[in-house]
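Peer 1: Provided herewith is a single structure, encoded as structure tokens, for subsequent inquiry.
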Amino acid sequence: MTASRRKSAHALPLIERRRLLVAGLGLAGLFAAEATQLGALAISGGGRTRQQPIEPFARSIARPDIVDRTGRLIATDIATPSLFADPSRVIDVDETAEKLATAFPALEASGLRRDLGDKNRHFLWLKRGLDPDEEKTALELGLPGVAFRTEPRRVYPIGQNAAQTIGFVDIENRGAAGIERWIDAMGRSETVDGPGRSSQEPIVLSLDLAVQHALRQELAKAIADTKAEAAAGVVLDVRTGEVIAASSLPDFLTGDAQASLLPATIDRLTTGSYELGSVFKTVTLAAAHEAGVLTPGKLYDARLPIRTGGQEIDDFHPTRRLLDAAGVFLHSSNIGAAKMATEVGEIRLRSILARLGLTEPQATELGQGPRPLLPVEWRPVSTMTIAFGHGIAVTPLQFAAAMATLVNGGQPVAPTFLKRAAPAVVDAAPVIGEATVGFMRDLLRRNVTSPDGTGGKADVPGYEVGGKTGTADILGDKGYAGAGVLTSFLATFPASNPRYVTFVLLWRPQATPATQGSRTAGANAAPLTGRLITRIAPILGLAPGREAARAL
Numbered sequence: 253m254t255a256s257r258r259k260s261a262h263a264l265p266l267i268e269r270r271r272l273l274v275a276g277l278g279l280a281g282l283f284a285a286e287a288t289q290l291g292a293l294a295i296s297g298g299g300r301t302r303q304q305p306i307e308p309f310a311r312s313i314a315r316p317d318i319v320d321r322t323g324r325l326i327a328t329d330i331a332t333p334s335l336f337a338d339p340s341r342v343i344d345v346d347e348t349a350e351k352l353a354t355a356f357p358a359l360e361a362s363g364l365r366r367d368l369g370d371k372n373r374h375f376l377w378l379k380r381g382l383d384p385d386e387e388k389t390a391l392e393l394g395l396p397g398v399a400f401r402t403e404p405r406r407v408y409p410i411g412q413n414a415a416q417t418i419g420f421v422d423i424e425n426r427g428a429a430g431i432e433r434w435i436d437a438m439g440r441s442e443t444v445d446g447p448g449r450s451s452q453e454p455i456v457l458s459l460d461l462a463v464q465h466a467l468r469q470e471l472a473k474a475i476a477d478t479k480a481e482a483a484a485g486v487v488l489d490v491r492t493g494e495v496i497a498a499s500s501l502p503d504f505l506t507g508d509a510q511a512s513l514l515p516a517t518i519d520r521l522t523t524g525s526y527e528l529g530s531v532f533k534t535v536t537l538a539a540a541h542e543a544g545v546l547t548p549g550k551l552y553d554a555r556l557p558i559r560t561g562g563q564e565i566d567d568f569h570p571t572r573r574l575l576d577a578a579g580v581f582l583h584s585s586n587i588g589a590a591k592m593a594t595e596v597g598e599i600r601l602r603s604i605l606a607r608l609g610l611t612e613p614q615a616t617e618l619g620q621g622p623r624p625l626l627p628v629e630w631r632p633v634s635t636m637t638i639a640f641g642h643g644i645a646v647t648p649l650q651f652a653a654a655m656a657t658l659v660n661g662g663q664p665v666a667p668t669f670l671k672r673a674a675p676a677v678v679d680a681a682p683v684i685g686e687a688t689v690g691f692m693r694d695l696l697r698r699n700v701t702s703p704d705g706t707g708g709k710a711d712v713p714g715y716e717v718g719g720k721t722g723t724a725d726i727l728g729d730k731g732y733a734g735a736g737v738l739t740s741f742l743a744t745f746p747a748s749n750p751r752y753v754t755f756v757l758l759w760r761p762q763a764t765p766a767t768q769g770s771r772t773a774g775a776n777a778a779p780l781t782g783r784l785i786t787r788i789a790p791i792l793g794l795a796p797g798r799e800a801a802r803a804l
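Heads up: take any position in the sequence shown, counting from 1, add 252, and you land on our numbering.
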């Protein structure tokens, strides 16, 4: 400090210097008192703190990705904005309610006024999962007390493929149906703050999206060609039980919960039980072979209908002649199958149905299916009608799994929608004898290659297709007459050493020019199968000709 400044400071009147000293001491005293109080609170833990009663944000549910067996993305979470309000910060309740209701018609103004007017609330969801246009609209409103929160939202980049299988989530991103529900049941979803990603590994499904796409396209074409009400199909690995493709039409955009509630969009493969008709003759012939009733040279008289219990059993295309076991199968004779099943008997027929998994509900990752419908009172006529697929109702997936067991060497098959490296049942004793397996493989192949067979239109050169048709009358309010038919085709390929089973169905197909005026399975479900196998066999890595068998 210079001499002039020191002189100036000393020149201050005494009274002014005293005032400055008193003020300084006062401030020091205040700081000391505050420090003492804070120290006392810290030591005692006492004191009262004021907390604003804030309703906390709901935490978000993050889900693992879902991919197909090759790694293609099926479902994932993306970060999306959601709109909320803090009513305690809303300045003009009426204006805010009116502007929000105008911008988002799904919001109702009177309800908004009530909720926004509750100043004890501090959090209110307005709209979840905004798209970019909705986010822009909300931003432009500029309403005090209205803000955004980013959270996970489930998206499905596969369109309508596998909609019923994948299922959907609710508004909280929790699984509500299909594989999505299974994920939650297995504890694979997790709670996160904000838009956090799941820490779980992706869920790898057994589905192959390329095969899935081909199946759905061919089912859609069949519906267009036959004017059918609905169609469904499955491709199953006979060794592992993996569902390679599964489709039920009509369907919907994957993840659309509202569309899934429509009666027409039910998953007909796993949730509906149906009388499948003559494809069940595969079970009848297998039961007869297992029982040893198919002795060489044995013939079944199919010249006249069977009249029993007030019913008449006749053939759709009567041959009116004697048929051997192969003839019963190739001509799809109801008369012959009924007589064959009578020889097998109720006990042995029930036994093979049980061994093939056709008497109890089937469970998969999608949940437990319905219980098969069997006769309440099993009478002799029940044995006869079950022989050709009436009087018993099962799900299509359940039947496909039974047929996989029948042709894979007799190993029980438990269907799965998850990728599986090995069979579900290891070292289990076969439930069907080796001789019966070989007999059925040969019979299925002959039904496609023989001029007498019903499955010729399913043949695919180089891929050794075997199969069986089914045309079943649908039970209506006035019985079976006039309610339409359910047609189906069971196929296995390569038939001599099966690797895959396919099963397709059409509900109430019509006789159209595309089917040469016929509505039977041989005219609609069989060619559908042929087109399908032509497309998917190369995708599945099966080369045509003898290489197909060696590829196994």
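Where is the CB? At the ideal position from N, CA and C, for every residue including glycine.
When the Cα of residue 224 is compared with those of 613, 701, 395 and 318, which residue comes out closest?
Peer 2: One cannot answer for residue 224 here, as it falls past the ends of the chain, which runs 253 to 804.
Peer 1: Taking the CB atoms as reference points, tell me whether residue 665 and residue 493 lie closer together than 7 Å.
Peer 2: Their beta carbons are under 7 Å apart, which means residue 665 touches residue 493 by this criterion.
Peer 1: May I have the straight-line CA-CA distance separating residue 348 from residue 373, to the nearest angstrom?
Peer 2: So the alpha carbons of these two residues sit roughly 16 Å apart.
Peer 1: Note down the Cα distance separating residue 637 from residue 434, rounded to an integer number of angstroms.
Peer 2: Whole-angstrom Cα-Cα distance: 37 Å.
Peer 1: Please go through the same chain and pick out, in chain order, the residues whose beta-carbon is closer than 6 Å to the beta-carbon of residue 298, but skip the five residues on each side of it.
Peer 2: For residue 298, the predicted structure reports a pLDDT of 44, less than 50, and the residue's modelled location is therefore unreliable. A value from the coordinates is still provided. Taken in chain order, the list of residues that qualify is empty.
Peer 1: Determine the burial state of residue 306: buried for a count of at least 16 other Cβ atoms within 10 Å of its Cβ, exposed for fewer.
Peer 2: No answer about residue 306 holds up, because its pLDDT of 42 lies below 50 and its placement is not dependable.
Peer 1: Please state whether the Cβ-Cβ distance between residue 776 and residue 765 is less than 7 Å.
Peer 2: Against a cut-off of 7 Å, the Cβ pair of residue 765 and residue 776 comes out as no contact.
Peer 1: Residue 536 and residue 466: beta carbons closer than 7 Å?
Peer 2: Contact: no.
Peer 1: Is the beta carbon of residue 684 closer than 7 Å to that of residue 662?
Peer 2: A contact, by the Cβ cut-off of 7 Å.
Peer 1: Assign residue 496 to one of three DSSP states: helix, strand, or coil.
Peer 2: Looking at residue 496 - three-state DSSP - the assignment turns out to be strand.
Peer 1: With a CB to CB cut of under 7 Å and the five nearest residues on each side skipped, what residues in its chain are close to residue 557?
Peer 2: Only 564, 565, 566 and 587 meet the Cβ criterion.
Peer 1: Within 10 angstroms of the Cβ of residue 458, are there 16 or more other Cβ atoms? Answer buried if so, exposed if not.
Peer 2: That one is buried.
Peer 1: Just checking my contact of residue 690 with residue 699 at CB under 8 Å: how many whole Å lie between their CB atoms?
Peer 2: About 15 Å; that fails the 8 Å criterion.
Peer 1: Where does residue 632 fall in DSSP's three states?
Peer 2: If DSSP states are grouped into helix, strand and coil, residue 632 belongs with the helices.
Peer 1: If you draw a straight line from the C-alpha of residue 793 to the C-alpha of residue 782, how long is it?
Peer 2: Approximately 17 Å, taken between the alpha carbons.
Peer 1: Closest by CA to residue 314, which one among 397, 648, 402 and 657?
Peer 2: Residue 314 has its Cα closest to that of 402, out of 397, 648, 402 and 657.
Peer 1: Could you have a look at residue 379 and say whether DSSP puts it in helix, strand or coil?
Peer 2: Strand.
Peer 1: Please say whether residue 741 and residue 763 have beta carbons closer to each other than 7 Å?
Peer 2: Going by C-beta atoms, residue 763 is not nearer than 7 Å to residue 741.
Peer 1: Residues bridged to residue 444 by DSSP?
Peer 2: In the DSSP output, where bridge partners are listed per residue, residue 444 has 312.
Peer 1: Return the CA-CA distance between residue 646 and residue 622, expressed in angstroms with no decimal places.
Peer 2: Cα-Cα distance, rounded: 8 Å.
Peer 1: Considering only their Cβ atoms, is the gap separating residue 490 from residue 831 smaller than 7 Å?
Peer 2: Lying outside 253 to 804, the shown extent of the chain, residue 831 is not represented and no answer is given.
Peer 1: Please list the segments of the alpha helix (DSSP H) lying wholly inside the stretch 320-355, counting only runs of 4 or more residues, in order along the chain.
Peer 2: With a minimum length of 4 residues, the continuous alpha helix (DSSP H) runs that stay inside the stretch 320-355 are 345-355.
Peer 1: What does the alpha-carbon distance come out to for the pair residue 795 and residue 505?
Peer 2: Cα to Cα, residue 795 sits roughly 34 Å from residue 505.
Peer 1: Suppose the cutoff is 8 Å on Cβ atoms and the five residues either side in sequence are ignored; what does the same chain contact list for residue 705 look like?
Peer 2: So the qualifying residues of the chain are 582, 698 and 699.
Peer 1: Please report how far the alpha carbon of residue 420 lies from the alpha carbon of residue 399, in whole angstroms.
Peer 2: Approximately 27 Å between the Cα atoms of the pair.
Peer 1: For residue 340, which option in 743, 366, 317 and 316 has the closest C-alpha, if you only look at C-alpha atoms?
Peer 2: Closest option to residue 340, Cα to Cα, is 366.
Peer 1: Look at the alpha carbon of residue 791 and the alpha carbon of residue 726, and state the distance between them as a whole number of angstroms.
Peer 2: Going from the Cα of residue 791 to the Cα of residue 726 covers about 35 Å.
Peer 1: To the nearest angstrom, how far is it from the Cα of residue 811 to the Cα of residue 332?
Peer 2: Past the boundaries of the shown model lies residue 811; the chain is included only from 253 to 804, so the question cannot be answered.
Peer 1: Assign residue 651 to one of three DSSP states: helix, strand, or coil.
Peer 2: Residue state, collapsed to three classes: helix.
Peer 1: So for residue 731, helix, strand or coil by DSSP?
Peer 2: Three-state DSSP puts residue 731 in a strand.
Peer 1: To the nearest angstrom, how far is the alpha carbon of residue 515 from that of residue 342?
Peer 2: Distance between the alpha carbons of residue 515 and residue 342 is about 44 Å.
Peer 1: Starting from residue 489, follow its DSSP beta bridges and name the residues at the other end.
Peer 2: Paired residues: 752.
Peer 1: How would you label residue 551, buried or exposed, when you count the other beta carbons within 10 angstroms and need 16 or more for buried?
Peer 2: With fewer than 16 other Cβ atoms within 10 Å, it is exposed.
Peer 1: Should residue 692 go down as buried or exposed, given a rule of 16 or more other Cβ atoms within 10 Å for buried?
Peer 2: Buried, by the Cβ-count rule.
Peer 1: With DSSP as the reference, please indicate the residues paired to residue 484 in a beta bridge.
Peer 2: Residue 484 is bridged to 500 and 757.
Peer 1: Tell me whether residue 714, by its Cβ, gets closer than 6 Å to a heavy atom of the ligand ATP.
Peer 2: Judged by which ligands are present, the structure shown has none, so any question about the ligand ATP falls away.
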